[in-house]
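Residue numbers (the numbering used here): 135 to 491.
Working notes, beginning with the structure itself.
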Amino acid sequence: RTARTMYGARGWVCHHNTDLWRATAPIDGAQWGLWPTGGAWLCTHLWDRYDYGRDLDYLRSVYPLMRGAALFFLDTLQTDPATGTLVTNPSLSPENIHPAGASICAGPAMDMQILRDLFDQIGQAAALLKIDAPFAAEVAAARARLAPDHIGAQGQLQEWQRDWDAAAPEPHHRHVSHLYGLFPSDQIDLDRTPALAQAARRSLELRGDESTGWATAWRANLWARLRDGDHAHRILAFLLGPERTYPNLFDAHPPFQIDGNFGGTRAIAEMLMQSRGDQILVLPALPSAWPTGSVTGLRARGRCSVDLRWREGELVEAVVRGEISGRRVIRLGTRRVEVTMTPGKAVRLRGNGLVRA
Numbered sequence: 135r136t137a138r139t140m141y142g143a144r145g146w147v148c149h150h151n152t153d154l155w156r157a158t159a160p161i162d163g164a165q166w167g168l169w170p171t172g173g174a175w176l177c178t179h180l181w182d183r184y185d186y187g188r189d190l191d192y193l194r195s196v197y198p199l200m201r202g203a204a205l206f207f208l209d210t211l212q213t214d215p216a217t218g219t220l221v222t223n224p225s226l227s228p229e230n231i232h233p234a235g236a237s238i239c240a241g242p243a244m245d246m247q248i249l250r251d252l253f254d255q256i257g258q259a260a261a262l263l264k265i266d267a268p269f270a271a272e273v274a275a276a277r278a279r280l281a282p283d284h285i286g287a288q289g290q291l292q293e294w295q296r297d298w299d300a301a302a303p304e305p306h307h308r309h310v311s312h313l314y315g316l317f318p319s320d321q322i323d324l325d326r327t328p329a330l331a332q333a334a335r336r337s338l339e340l341r342g343d344e345s346t347g348w349a350t351a352w353r354a355n356l357w358a359r360l361r362d363g364d365h366a367h368r369i370l371a372f373l374l375g376p377e378r379t380y381p382n383l384f385d386a387h388p389p390f391q392i393d394g395n396f397g398g399t400r401a402i403a404e405m406l407m408q409s410r411g412d413q414i415l416v417l418p419a420l421p422s423a424w425p426t427g428s429v430t431g432l433r434a435r436g437r438c439s440v441d442l443r444w445r446e447g448e449l450v451e452a453v454v455r456g457e458i459s460g461r462r463v464i465r466l467g468t469r470r471v472e473v474t475m476t477p478g479k480a481v482r483l484r485g486n487g488l489v490r491a
């Protein structure tokens, strides 16, 4: 109803947050309320659930929700007259203010990154389910026209379509919305998009490390994605210190927000193992503070579990177990090994050379 009555659009939309009554219209607060990509972001979690479990029946059950979210943006995206690219409008970069003293803008970086994920996932889901080819083609055409990420004069990843970052009223704002493409998404990657990864790093340096509880946790995850384990560990130490963790171990936003607890545990997992598609990266951001250790039961995409042991900063053994058949690429630094997963059989790789045991 919100999509139809507010925007004259098909599909569905929700904004900055909702509540017990499942309201989907913009909520109070001009700096955050009129943000239309909340539903699209939620849909990326539906895809993540599929990607970890690879259950086609589940994907079939959630595809209509993903389709409806994409349909809304096919109807509402607008052409930026300066660039010819497609942008959301009106929107905002959540809770941050640009130099004009307002939040409202067209095509903030986070929106474009979320829609790239949603549109890509629609294409993959339609292909896997062997359905909806014309709609998937329409989505792919719109995806090709979405405004790209931009690198600003400071070498940073721009938060807005214009290079406003340096003049924004809060240079150390708690949100790092424009870095969604680095985490939780994997659009920005040190290997595939090194220039954007460096720009994301510069944005983090300019924003600073210490923030509210959940925002501190997000920063730790971002540094883990940049494979800087020592920097991620410094932020994690602050998150778990008395300024950001109460004596009962609740996260101190302040006050308590559970996002910081969840984000902190995710950061630890990201430092030890990351997975993208059918690739598994082991010890991608191991900090020097953890020279020797082990971990069991980390979950990777593609329905795999990973156990790791390391000593003096070097891998001793990685054990990967797949619940479904398929090929996976295991990575440690620049070393890559392709393995075939068979349900019930563990793949054991020894040492930094990832030698099959």
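Cβ coordinates follow ideal geometry from the N, Cα and C atoms, glycine included.
Backbone secondary structure at T474 - three-state DSSP: Assignment of T474 by DSSP, reduced to helix, strand and coil, places it in the strand class.
Whether G436 touches G398 by CB criterion (8 angstroms): Going by C-beta atoms, G436 is not nearer than 8 angstroms to G398.
On the DSSP letters alone, give me the boundaries of the beta strand (DSSP E) that L199 sits inside. Per DSSP, L199 is not a residue of any beta strand (DSSP E); the alpha helix (DSSP H) it occupies stretches across L190 to T210.
Hey, quick one: how far does the alpha helix (DSSP H) through G363 stretch, first residue to last? It spans G363 to L373 - the alpha helix (DSSP H) in which G363 sits, taken as one unbroken run.
Leaving out the 5 sequence neighbours to the left and right, which residues in its chain are closer than 8 angstroms to E448 when beta-carbon positions are compared? Non-local beta-carbon contacts of E448 in its own chain, meaning distances under 8 angstroms to residues more than five positions away in sequence, involve G485 and N486 in chain order.
Just reading off the alpha helix (DSSP H) that C177 is part of, what are its end residues? First-last of the alpha helix (DSSP H) with C177: G172 to G187.
Going by Cα to Cα distance, which pick from A243, M244, P228 and D245 is closest to S237? Ranking A243, M244, P228 and D245 by Cα distance to S237 puts P228 first.
Just mark Y380 as buried or exposed, buried being the case when its beta carbon has 16 or more other beta carbons within 10 Å. Note on Y380: under 16 other CB atoms within 10 angstroms of its CB, so exposed under the neighbour-count rule.
Option in L373, Q295, N395 and L488 with minimal Cα separation from A216: Nearest C-alpha to A216: Q295.
Thinking just about the alpha-carbon of each residue, which of M407, Q292, T158 and A423 is nearest to the one in G431? Among M407, Q292, T158 and A423, the Cα nearest to that of G431 is on M407.
Does the Cβ-Cβ distance between V429 and A452 come in under 8 angstroms? It is not a contact, given that the beta carbons lie outside the stated cut-off.
Bridge partners - V481, DSSP secondary structure assignment: Beta-bridge pairing links V481 to V454.
What residue from A301, Q321 and D191 has the CA that sits closest to G411's CA? Restricting attention to A301, Q321 and D191, the CA atom closest to the CA of G411 is found in Q321.
For A274, three-class secondary structure by DSSP: In the structure shown, the three-state DSSP call for A274 is helix.
I256, DSSP secondary structure in three states: Residue state, collapsed to three classes: helix.
C-alpha gap between L252 and W175, whole angstroms: Using only the alpha carbons, I get a separation of about 8 angstroms.
Classify E457 as buried or exposed, calling it buried when 16 or more other Cβ atoms lie within 10 Å of its own Cβ. So E457 ends up on the exposed side.
For L466 and Q255, I'd like the C-alpha separation in whole angstroms. Taken atom to atom, the span from the alpha-carbon of L466 to that of Q255 is near 27 angstroms.
Counting C-beta neighbours from all protein chains within 10 Å, is the total for D325 16 or more, i.e. buried, or is it exposed? By the neighbour-count rule (16 or more Cβ atoms within 10 Å), D325 is not buried but exposed.
Helix or strand or just coil, what does DSSP make of S311? Three-state result, S311: helix.
Just to confirm, is the Cβ distance from G167 to F206 under 8 angstroms? No; because the gap between Cβ atoms is not below 8 angstroms, this pair is not in contact.
In whole angstroms, what separates the C-alpha of M246 from that of T426? Distance between the alpha carbons of M246 and T426 is about 40 angstroms.
Could you round the C-beta distance between L280 and T219 to whole angstroms and report it? I think they count as a contact, below 8 angstroms. L280 to T219, Cβ: 6 angstroms. Contact.
Measure from the alpha carbon of W357 to the alpha carbon of each residue in M140, T178, R400 and T139, then state which is nearest. Checked all of M140, T178, R400 and T139; the closest Cα to W357 is R400.
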